[in-house]
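In this note's numbering, the protein residues as written are 10 to 515.
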């Protein structure tokens, strides 16, 4: 027997559709599983299975990398739940190291994430007795103690909920040290459950709703006045404004109030600070379409301005850069991003694709399923373009024949610089007979376009790739945020997702 032989098939496996695919490194797979998840059931993988896979990958990966990935996911990708899970899983195998404390302190950025982390901790450690949180990891305890020092009374009160793990429970468990006398007074309020009620749009509207009004007209006028008060207060955040646009329009608030709303929505700094996923704008835009307010068009224009601001920093494209953008319309992409969302994965692909298209001067766009179809739309009107594409669902069938994107380029003898594919990565050949795969077609295409690059934007994180991502100008980027384009830009300088994560300072 010979031992010193090249193992050509060692990285090959079978994807969920039974087609040949390529295994990712543990670090890349963990990044993919984290960046493209809401920890909810997906088309091919249940939430529990995803969590278990993440646990196994954490155990296989370098502790520092896991810590940096958790921070990257929270601070760069704007994810909330999965960074908390990573911090807890990290503590299982590195309980005595300072890296756990640093990670916990960094990923907890909202007051309710203190209790969310503890709730996951008791689930992850299968705690079912009365004292579910006893013997808490010392490093997690230290990290949460630091996190307690980040928030003021308003922030604590806003998220002081009657849940499985209460803020008061967390305080007694963690024993944070107050940084000054004022904070000690605050901690005493938490302990006695005497926090002031936070001024939020929920509490204010709830109070109005509990008032008895003599007429419907009086009730409507009160709600209109309350919305105007909330808008004028400046205390209704970007996400709350985005979620309530239809309610605000139906309340028939004043012209001045609507002008404040649209100015806030379209403000580039407010958009950046809000850290919204681009698909949130898709949801808001769609909600407005069925309204009958005369201000609807103005609000829709403000949303277009908002997403355009998200695209402003996408670099690497000029009039000479020839680009193809293709979106996976397969059946598995027609599943919601989370249990609470109506947005489906193909729509996440569409909004990211349209953001990219808005920055490209020389670009063709298409959709693929059983077949592949080119669809030309204007570069501007990003959200309107998403709706144009959305109306064409079903036109190309429901398979995942991504190879047709490359086959079309070969047939047309079209030489391009970059191919951008937004997909769940579970590509196969439903035609079967011709034996083509995206890997085989890419190899053919590189023979006629040796400088071409292909970017696979992984929107599902199942842990495999239809192309080998360690050569031949193949790149994989995962996630639903417009921050994926930062990674794409970095690849132009020889970097990749893992290298970008490793740059994080703990």
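We treat Cβ as the ideally placed atom computed from N, Cα and C, and that holds for glycine.
- Under DSSP, residue 376 takes part in a beta bridge, and its partners are 336, 382.
- Within the same chain, and ignoring the five residues on either side of residue 106 in sequence, the residues whose Cβ sits closer than 8 Å to its Cβ are 72, 148.
- The Cβ atoms of residue 476 and residue 31 sit closer than 9 Å to each other.
- Distance from the CA of residue 289 to the CA of residue 376, rounded to the nearest whole angstrom, comes to 22 Å.
- A distance below 9 Å separates the beta carbons of residue 425 and residue 458.
- Uninterrupted beta strand (DSSP E) stretches at least 3 residues long and entirely within the region 346–423 occur at 371–377, 381–383, given in chain order.
- With contacts defined by Cβ atoms closer than 9 Å, residue 208 and residue 242 form a contacting pair.
- A direct Cα-to-Cα measurement between residue 70 and residue 190 gives close to 42 Å.
- Proximity to residue 418 across 235, 452, 247, 250 peaks at 452, based on C-alpha coordinates.
- Per DSSP, residue 159 is not a residue of any beta strand (DSSP E), being assigned neither H nor E.
- Under the 8 Å Cβ criterion, the region 385–398 does not count as touching the region 89–97, having fewer than three qualifying pairs.
- The three-state secondary structure of residue 467, taken from DSSP, is strand.
- For residue 344, same chain residues with a beta-carbon under 8 Å away, outside a window of 5 residues either side, are 51, 52, 353, 354 in chain order.
- Distance from the CA of residue 65 to the CA of residue 502, rounded to the nearest whole angstrom, comes to 32 Å.
- Residue 222 sits away from residue 200, with the two beta carbons spaced by 9 Å or more.
- Counting along the chain, the unbroken alpha helix (DSSP H) around residue 126 starts and ends at 121–133.
- Taken through DSSP and simplified to helix, strand or coil, residue 174 comes out as coil.
- Burial check for residue 308: the Cβ neighbour count within 10 Å reaches 16 or more, so the residue is buried.
- Between residue 399 and residue 407, the alpha-carbon positions lie close to 14 Å from each other.
- Short of 7 Å from the beta carbon of residue 445, and not among the five residues preceding or following it, lie these beta carbons of its own chain, in chain order: 412, 416, 438.
- Contact between residue 113 and residue 179 is ruled out by a C-beta separation of about 12 Å, above the 8 Å threshold.
- Residue 323 carries a coil assignment under DSSP once its states are collapsed to helix, strand and coil.
- Taken atom to atom, the span from the alpha-carbon of residue 449 to that of residue 456 is near 11 Å.
- In summary, residue 515 is exposed, with fewer than 16 beta-carbon neighbours lying within 10 Å of its beta-carbon over all protein chains present.
- For the set 461, 494, 336, 467, the Cα lying nearest the Cα of residue 482 is the one of 461.
- Taking every protein chain shown into account, the CB of residue 212 has fewer than 16 other CB atoms within 10 angstroms, so this residue is exposed.
- If you draw a straight line from the Cα of residue 427 to the Cα of residue 414, it comes to about 12 Å.
- Taking a contact as a CB-CB distance under 8 Å, the pair residue 206 and residue 174 does not count as one, their CB atoms being some 21 Å apart.
- Of the residues 82, 513, 57, the one whose Cα lies closest to the Cα of residue 129 is 57.
- As a beta-bridge residue in DSSP terms, residue 22 pairs with 30.
- In the same chain as residue 99, and ignoring 5 residues on each side of it, the C-beta atoms closer than 8 Å to its own belong to 67, 72, 75, 76, 79, 108, 109, 112, in chain order.
- When the five nearest sequence neighbours on each side are left out, the beta carbons in the same chain lying within less than 7 Å of the beta carbon of residue 390 are those of 313, in order along the chain.
- A straight-line Cα-Cα distance of about 9 Å links residue 422 and residue 454.
- Here residue 495 is near residue 85, since their CB atoms are less than 9 Å apart.
- With respect to the 9 Å criterion, residue 362 and residue 431 are classified as neighbours on the basis of their beta carbons.
- Burial is judged here by how many other beta carbons sit within 10 angstroms of a residue's own beta carbon; residue 317 has at least 16 and is buried.
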